[in-house]
Amino acid sequence: MQQPDFGVDGKRVLVTGASRGIGQSIAETFAAAGADVAICSRSMDRIGPVADEINDADGGRAVAVECDVRDRDDVERFFERAADELGGLDVVINNAGGEFVANFEDISENGWDSVTDLNLGGTYRCCHVAGKYLRNGEHEGVIINMASVNGQHAAPGESHYGAAKAGIIRLTETLATEWSNDGVRVNCIAPGLIQTPGVAQTLGIDESDMPPREQTHRRIGYPEEIADLAVFLASPAASFVDGETYTAKGVPRPGNSMSNDLGLDR
Ligand SMILES: NC(=O)c1ccc[n+]([C@@H]2O[C@H](COP(=O)([O-])OP(=O)(O)OC[C@H]3O[C@@H](n4cnc5c(N)ncnc54)[C@H](OP(=O)(O)O)[C@@H]3O)[C@@H](O)[C@H]2O)c1
């Protein structure tokens, strides 16, 4: 009988925005499963230690590169270095993103541009460059883009972020159709509220002040729960999954009344 193949051992994986939060967990999880990873953030001081930790552990190795996904030249350099060091690329995970919460009438041109350029522009740029490395390769190529439930459902204060994440979902679907004959699968993950430094920062609270996850109406997720989903989507087990958005947000639980939306309404 055929065994399921969730293996990513030996895959060459690029992850953007991996100095903390979901991206760090994705990098660590892939490396623990035997993949080699190329990881970036805007600061070598922040991304270097993550690579050191991965390289000190059992599993695949890590290469850290300073790269701002808002800068095309940076992105080109990051991919080139990653492919050189890892001997090619199989999987690209466009995770870097962020936001601030504000009512639409308070979002300036600059605020709108910065959120859409980081989230949607960064994903566009990285997919564009990824195509050069993944299309018509020796092995199947995989792209995983990080959207959000805010790209699927409207929420107050999230017009810029929601628009950018909705754009990522449609970009993913379109790219999947365009590159399906080129041996590249393109999928999206849409997380609900995940406990990360980025969320705490957005809310202006300390991470330790997040409400107890087991008491909230909809449980707050762990970064590892998104990383595991990314491993599945990159694995041969997901070979027929293409152009999809996978939501990971738990369910509302009866008896727990404490809101988990913390003003983010996810
Ligand atoms: N946490 C959630 O509840 C949640 C829910 C839905 C979707 N998401 C999405 O999941 C992704 C990760 O979220 P997170 O909560 O883990 O965020 P986070 O804790 O703020 O981490 C963001 C990561 O991205 C990097 N980054 C930020 N701007 C960058 C840029 N311009 N170029 C390169 N790297 C950059 C940061 O590193 P440096 O600061 O060192 O550059 C950091 O490593 C984002 O796309 C976010 O929108 C998160």
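Number 270 marks the last residue of the sequence shown (this note's numbering); no jumps.
Even for Gly, the Cβ is constructed at its ideal location relative to N, Cα and C.
Predicted model, so just to flag it, every value in this text is computed and none were measured.
Threshold first: 3 residues or longer. Then list the beta strand (DSSP E) segments lying entirely within the segment 32-60, N to C.
40-45, all fully within the segment 32-60.
Just curious, the beta strand (DSSP E) that residue 145 is in, first and last residue?
If you number the sequence shown from 1, residue 145 lands on position 141. Looking at the DSSP string, the run of the beta strand (DSSP E) that includes residue 145 is 145-150.
Can you say whether residue 15 is buried or exposed, counting buried as having 16 or more other CB atoms within 10 angstroms of its CB?
Within the sequence shown, residue 15 is the residue found at index 11, counting from 1. That one is buried.
Determine, using beta carbons only, whether residue 179 and residue 190 come nearer to each other than 7 Å.
Working through the sequence shown from its first residue, we reach residue 179 at position 175. Working through the sequence shown from its first residue, we reach residue 190 at position 186. The answer is yes: Cβ separation under 7 Å.
Using the Cα positions of residue 195 and residue 31, report the straight-line distance between them to the nearest angstrom.
Taking the first residue of the sequence shown as 1, we reach residue 195 at position 191. Taking the first residue of the sequence shown as 1, we reach residue 31 at position 27. One C-alpha to the other measures close to 17 Å.
Buried or exposed for residue 169, please, with buried defined as at least 16 other CB atoms from any protein chain shown within 10 angstroms of its CB.
Along the sequence shown, read from residue 1 onward, the residue named residue 169 stands at position 165. Classification for residue 169: buried.
Taking the alpha-carbon positions, what's the residue 254 to residue 224 distance?
Sequence index remark: in the sequence shown, residue 254 carries index 250 (1-based). Sequence index remark: in the sequence shown, residue 224 carries index 220 (1-based). The alpha-carbon atoms of residue 254 and residue 224 are separated by roughly 8 Å.
Flag this pair as yes or no: are the beta carbons of residue 96 and residue 66 separated by less than 7 Å?
One-based indexing of the sequence shown puts residue 96 at position 92. One-based indexing of the sequence shown puts residue 66 at position 62. Going by C-beta atoms, residue 96 is not nearer than 7 Å to residue 66.
When DSSP labels each residue in this structure, what does residue 224 get in the three-state scheme?
Counted from its first residue, the sequence shown places residue 224 at position 220. Of the three classes helix, strand and coil, the one that applies to residue 224 here is coil, per DSSP.
What do you reckon, is the C-beta of residue 91 under 6 Å from a heavy atom of ligand 1?
For this step, residue 91 is matched to residue 87 along the sequence shown. Residue 91: no, Cβ never under 6 Å from ligand 1.
When we look at the beta-carbon of residue 20 and count the other beta-carbons within 10 Å, is it buried (16 or more) or exposed?
For the purposes of this step, residue 20 is taken as the residue at position 16 of the sequence shown. Per the 10 Å Cβ criterion, buried.
Would you tell me roughly how many angstroms separate the C-alpha atoms of residue 1 and residue 150, rounded to the nearest one?
In this structure the chain extends from 5 to 270, so residue 1 is not present and cannot be described.
Is the beta carbon of residue 100 within less than 6 Å of some heavy atom of ligand 1?
Within the sequence shown, residue 100 is the residue found at index 96, counting from 1. Checking the Cβ of residue 100 against ligand 1 gives yes.
When you compare only the Cα positions, how much space is there between residue 156 and residue 176?
Here residue 156 is taken as the residue at index 152 of the sequence shown, counted from 1. Here residue 176 is taken as the residue at index 172 of the sequence shown, counted from 1. Near 13 Å, if we compare the C-alpha coordinates of residue 176 and residue 156.
Can you tell which of 243, 235, 108 and 203 has its C-alpha closest to the C-alpha of residue 102?
By 1-based counting over the sequence shown, the position of residue 102 is 98. For the residues 243, 235, 108 and 203, the minimum Cα distance to residue 102 belongs to 203.
Under 6 Å: does the beta carbon of residue 124 sit that close to some heavy atom of ligand 1?
Here residue 124 refers to the residue found at position 120 of the sequence shown. It does not: the Cβ of residue 124 is nowhere closer than 6 Å to a heavy atom of ligand 1.
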